[in-house]
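Peer 1: Count along the sequence shown from 1, add 32, and you get the number used in our numbering. All C-beta atoms in this analysis are idealised placements derived from N, C-alpha and C, irrespective of residue type, glycine included.
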Amino acid sequence: MDSLPKYSGKPTLYLDQNILDLFVKNGIDGFGKELMDKFQIIYSDETLKEIRRSAGFENDFLNVLKALDSYHLKIVVEQPGFIITDRATITSRDVFEEFEECCSNDNEYGSIVSSMSQWLFKFSGGRSGDSISDIHEEQLAAFAQLMDGVLENADELPVGMRAQIKDYSELMMEQYKSTLHDLENTMLKDIPDTKEWNGIKSYRESVGIGPKELNNIEPPKVIEKIWDTFKVKLPKNDHIKSLEDFFQIRINPIYPDRPYHLHQKVTGMYNMLNTLGYFPDSKVHKERRFIAAMSDNSHASMASFCNLLLSRDENFVKKVRAVYEYLGVPTEVRLVTVSNV
Numbered sequence: 033m034d035s036l037p038k039y040s041g042k043p044t045l046y047l048d049q050n051i052l053d054l055f056v057k058n059g060i061d062g063f064g065k066e067l068m069d070k071f072q073i074i075y076s077d078e079t080l081k082e083i084r085r086s087a088g089f090e091n092d093f094l095n096v097l098k099a100l101d102s103y104h105l106k107i108v109v110e111q112p113g114f115i116i117t118d119r120a121t122i123t124s125r126d127v128f129e130e131f132e133e134c135c136s137n138d139n140e141y142g143s144i145v146s147s148m149s150q151w152l153f154k155f156s157g158g159r160s161g162d163s164i165s166d167i168h169e170e171q172l173a174a175f176a177q178l179m180d181g182v183l184e185n186a187d188e189l190p191v192g193m194r195a196q197i198k199d200y201s202e203l204m205m206e207q208y209k210s211t212l213h214d215l216e217n218t219m220l221k222d223i224p225d226t227k228e229w230n231g232i233k234s235y236r237e238s239v240g241i242g243p244k245e246l247n248n249i250e251p252p253k254v255i256e257k258i259w260d261t262f263k264v265k266l267p268k269n270d271h272i273k274s275l276e277d278f279f280q281i282r283i284n285p286i287y288p289d290r291p292y293h294l295h296q297k298v299t300g301m302y303n304m305l306n307t308l309g310y311f312p313d314s315k316v317h318k319e320r321r322f323i324a325a326m327s328d329n330s331h332a333s334m335a336s337f338c339n340l341l342l343s344r345d346e347n348f349v350k351k352v353r354a355v356y357e358y359l360g361v362p363t364e365v366r367l368v369t370v371s372n373v
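(1) Which parts of the stretch 122-197 are runs of the alpha helix (DSSP H), unbroken and 4 residues or longer, counting only runs that do not cross its ends?
(2) Would you report the Cα separation of Ala325 and Asn303, rounded to the nearest angstrom?
(3) Near Ile255, which residues of its chain fall below 6 Å by C-beta distance, leaving aside the five closest residues on each side in sequence?
(4) Looking at the unbroken beta strand (DSSP E) that takes in His104, where does it start and where does it end?
(5) Do Glu170 and Ser201 have their CB atoms nearer than 8 Å?
(6) Evaluate Leu54 with the Cβ neighbour count: other Cβ atoms within 10 Å of its Cβ, from every protein chain shown; 16 or more gives buried, anything less gives exposed.
(7) What does the alpha-carbon distance come out to for the pair Ser163 and Thr79?
(8) Counting only the same chain and skipping the five closest in sequence on each side, list residues whose C-beta sits under 8 Å from that of Leu36.
(9) Kindly indicate the opening and closing residues of the alpha helix (DSSP H) around Ser40.
(10) Where does His295 land, buried or exposed, given buried means 16+ other C-beta within 10 angstroms?
(11) Taking 8 Å as the threshold (beta carbon to beta carbon), is Asn50 in contact with chain D?
(12) Nearest by alpha-carbon distance to Glu66: which of Phe93, Leu100, Ile83 and Glu82 is it?
(13) Any idea what DSSP makes of Thr363, helix, strand or coil?
(14) Over what stretch of residues does the alpha helix (DSSP H) that includes Thr307 continue unbroken?
(15) Kindly indicate which three-state DSSP category Ser274 falls into: helix, strand or coil?
Rendered as structure tokens:
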């Protein structure tokens, strides 16, 4: 993995989905051609997943990516153990082939990805009537199915490698089960009935702070100013003693013994800003809006590998700029309006 060659082309540009939508509706002449001259345009698996959800417009979006001579950005995952790294590859490949492969992988692994987001969906007010315990049972079942699939795919490998993968799978299953168990026990101490629970609403009500207060905060140092606003509201005996604890970026929340990479911290902080109410996504208790918010989060994370990020969503831009500034992500973030295209 260390032998991966360094990218040496034009500065890289990550396009939010609403920019691609602009090109689908108006063509790439003018603004699109200008971008192609100056930048290497990048897309990710999350781009392809959003295209898949466009229902009937898939080819329109894919043709735009092809016309823009876009390259595919993917985070390097080490095997065995599915260990996420802080590196990414940029690949020139036919976007239609990439799309088919992404859809195939989504069909194979979509259940585990979806299940892992269900707790956050519940926290956002979704899945009314289902308990945290119900969701965790679903997550364990999906993870077990994933591990079974990994072992099946390892059947043709040498015996020693198969045994190593089996050991890793069992270890990961135990770690995942332990993490969910600890999380559930912690939550049940403060939430007697989780079936009708809305975590975002409950949290904002408990501290008396929400969008009305936070959206008046101006850059620079938005993250620090938000922490200053909240820390005076925290109970004296609260375990949160620092900004890093508050934004959950001190240690890896899923695997505390593993590195916590920059792109992962972007994900955690962006989610936290939505929870707290800093220019938050609306109606995330509805599944469609929740999925859209999760996609925005993924775009923010993936764009941290690029030189420039463009979006037409002002709330998205404000959150990403705040997170990037605090974490020292060098990616420039620009808001695009129709008048300046």
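Peer 2: Inspection of the coordinates gives the following:
(1) With a minimum length of 4 residues, the unbroken runs of alpha helix (DSSP H) contained wholly in the stretch 122-197 fall at 127-155 and 164-185.
(2) Approximately 9 Å, taken between the alpha carbons.
(3) Apart from sequence neighbours up to five positions away, the residues of its chain that approach Ile255 with a beta-carbon distance below 6 Å are Ala354 and Tyr358, ordered along the chain.
(4) Here the beta strand (DSSP E) through His104 covers Tyr103 to Glu110.
(5) Cβ atoms of Glu170 and Ser201: not closer than 8 Å.
(6) Buried is the label assigned to Leu54, since at least 16 other Cβ atoms lie within 10 Å of its Cβ.
(7) A straight-line Cα-Cα distance of about 32 Å links Ser163 and Thr79.
(8) Correct list, in chain order: Val108, Arg119 and Thr121.
(9) Following the DSSP letters along the chain, one finds Ser40 in no alpha helix (DSSP H), marked with neither H nor E.
(10) Within 10 angstroms of the beta-carbon of His295 lie 16 or more other beta-carbons, which makes it buried.
(11) Given the protein chain composition of this structure (a single chain), no chain D is represented.
(12) Leu100 is the residue among Phe93, Leu100, Ile83 and Glu82 whose C-alpha sits nearest the C-alpha of Glu66.
(13) If DSSP states are grouped into helix, strand and coil, Thr363 belongs with coil.
(14) For Thr307, the enclosing alpha helix (DSSP H) stretches over residues Leu294 to Leu308.
(15) Annotated three-state conformation of Ser274 is coil, per DSSP.
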